[in-house]
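Start counting the sequence shown at 114; every next residue gets the next number (my numbering).
Glycine included, each C-beta is placed from N, C-alpha and C at the ideal position.
Structure, as C-alpha cells:
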Amino acid sequence: MDEFLRILTQSLAELIAPTTAAYAIAAIGLNLHFGYTGLLNMGQAGFMLLGAYGFGIATIAGAPFFLAVLVALVAGLLFALVLGIPTLQLRGDYLAIVTISAAEIIRWIGRSTWLQEWTGGASGLQGRNYKGTFQDLSPLPDGRTAIGPLEYINTGSDSWWTRLFAWGVVALALLFVFLITRSPWGRVLKGIREDEDAVRALGKNVYSYKLQSLALGGMLGALGGVLYVLPITIAPDAMGRTMTFFVWTVLLLGGAATVFGPVLGAMIFFGAYMFMRTGMRALSENTGVGEIISTTNVEQIGGMLVGITLMLLVIFRPQGILGNKKELAFNVR
C-alpha cells in the first residue's frame, strides 16, 4: 500500500511539474501550426532547443532574465522565418520534411565542438550558469513548503517558484491563443486549414498568414524550451526527435484545434507516463517480473508504449479528448 501511494504521489507531482508545463506551451504553439492552420511541423523540438540556447547563452553573457527570454523568442522567430519563407508556398509535406531535418541540424550544431565555447558541446550548458537571474526574481521566502503530499523548496531548480512561474506562463499563453483564434485573424487560419484555395479566392494572402502562424507557434515553442531548462541543464541530446513526438502525442491526446487541449493532454500524458514508469520499476524490483523487465529497460519500454499510444490515437481518436472530429477536415497542401 505504501508503495502504491508513493507511485501515486510521484504521478501527481508530474502533473504540475515544470517539464509538463514546458510541453504544454510547446503543444500550444504546435496547435497554432497544425490544429488551426494545418501546417505539418515535425520539428518543434528544434524551436525548443533554440529557445533554450538563446536564453542560456544570453544569460551567461550577462543579460537580465526577461531580456534573455526575449532573445529566446527572437531565436524562435528567426528559425520560423528561415524555415517558412522558402517552403510555405509549397505543399505541406515539404514543411514536415524541412522542419524535422532542421531540428536535427540544430541538435547536431549544438553538440558539435566548433561552437562548444557557446553551447557546451555534447555536454550542454550547466544550469548553475544561467538559473541565477530567474531564481533572484522569486518573491517566496527561503525554506520548504508542503502542500498535501507534495513538498519542495520555495526557490531553486526544483521548487515551487519554478512551478508557479511555469504554469503562470501557460495560463497567459492560453489566454493569448483564446483571444487570437477568436479574432478575424484566427478565423482566416481555420479557413486556410479547411480550404486555402477558397481563402485565397477571397483576396487573403495565404502565404503571409501561414508565415505568421508558423512564427507565433515557433516563438511559443522557444518559450517552452526556456521553461524546460529552468529546472535542469541544457542538453542537446535531450531535445531531439523524441521530444517532438511527445509534443505531438500531447496535442493529439488533448485535442487539436482546442484551446485547453494541449494543457490537458500534457497533464494526462506525463501523469500516466510517470505512473507507468514508476509502476514498472516497482514491479521489476519487488516481484519476479524483474526477470523479464529489468529496471534498465523501463525507459525503452516506455518509449515503445508512447509510440503505440500515438498510433492508437491517430487511428481511433484523432480528435483527442476535447476535440471535434469536424475540426479535423484538413486540406493540408
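Task: Contacting residues, own chain, Cβ-Cβ under 6 Å from residue 101 (five flanking each side not counted) - done: Because the chain is modelled from 114 through 446, residue 101 falls outside the range shown and cannot be assessed.
Task: C-alpha distance - residue 168 paired with residue 212, whole-angstrom precision - done: 21 Å
TODO: Answer yes or no: do residue 384 and residue 220 have a C-beta to C-beta separation smaller than 7 Å?
DONE: no
Task: Three or more C-beta pairs below 8 Å linking the segment 367–379 and the segment 144–152 - done: yes
Open item on the list: Among the candidates 208, 183, 163, 126, whose CA atom is the shortest distance from the CA of residue 150?
Closed with: Distance from the Cα of residue 150 is smallest, within the candidate group 208, 183, 163, 126, for 208.
- [ ] Return the CA-CA distance between residue 326 and residue 191, expressed in angstroms with no decimal places.
- [x] 13 Å
- [ ] Identify every residue that forms a DSSP beta bridge with residue 272.
- [x] 266
TODO: Just tell me which of 279, 414, 159 has its CA closest to the CA of residue 133.
DONE: Ranking the options by Cα distance to residue 133, first place goes to 279.
Task: Beta-carbon proximity check, residue 251 vs residue 268, cutoff 7 Å - done: yes
- [ ] Drop a sphere of 10 angstroms on the beta-carbon of residue 428, count the other beta-carbons inside from all chains shown, and report buried for 16 or more, exposed for fewer.
- [x] exposed
Task: Run of the alpha helix (DSSP H) containing residue 212, from where it starts to where it stops - done: 205–224
Task: Beta-carbon gap between residue 433 and residue 333 smaller than 7 Å - done: no
- [ ] Could you check if residue 264 is buried or exposed, using at least 16 other CB atoms within 10 Å of its CB as the buried criterion?
- [x] So residue 264 counts as exposed.
Task: Pair within 7 Å by beta-carbon distance, residue 131 and residue 362 - done: no
Task: Stretch pair the segment 234–254 + the segment 174–189: three plus CB contacts closer than 8 Å - done: Contact between the segment 234–254 and the segment 174–189 is established, with three or more Cβ pairs separated by less than 8 Å.
Task: CB of residue 157 within 7 Å of CB of residue 139, strictly - done: In terms of Cβ geometry, residue 157 and residue 139 form a close pair [threshold 7 Å].
Open item on the list: Along the chain, where does the beta strand (DSSP E) containing residue 172 start, and where does it finish?
Closed with: No beta strand (DSSP E) contains residue 172, which is instead part of the alpha helix (DSSP H) from 157–173.
Task: Start and end residues, beta strand (DSSP E) containing residue 434 - done: Counting along the chain, residue 434 sits inside no beta strand (DSSP E), nor does DSSP assign it H or E at all.
TODO: Assuming residue 160 and residue 335 form a contact by the criterion Cβ under 8 Å, report the distance between their Cβ atoms to the nearest whole angstrom.
DONE: 5 Å
Open item on the list: Could you pull the DSSP bridge partners for residue 257 from this structure?
Closed with: Residue 257 pairs with 266.
Task: Integer Cβ distance of residue 322 from residue 302, believed to fall under 8 Å - done: 6 Å
Open item on the list: Measuring straight from C-alpha to C-alpha, what distance separates residue 291 and residue 261?
Closed with: For the pair residue 291 and residue 261, the Cα-to-Cα distance works out to about 32 Å.
Open item on the list: Short of 7 Å in beta carbon distance, which residues of its chain neighbour residue 415, apart from the five on each side in sequence? Order them along the chain.
Closed with: 386, 389, 390
TODO: Could I get the ranges of all uninterrupted beta strand (DSSP E) runs contained in the segment 338–363, with 3 residues as the minimum, in chain order?
DONE: none
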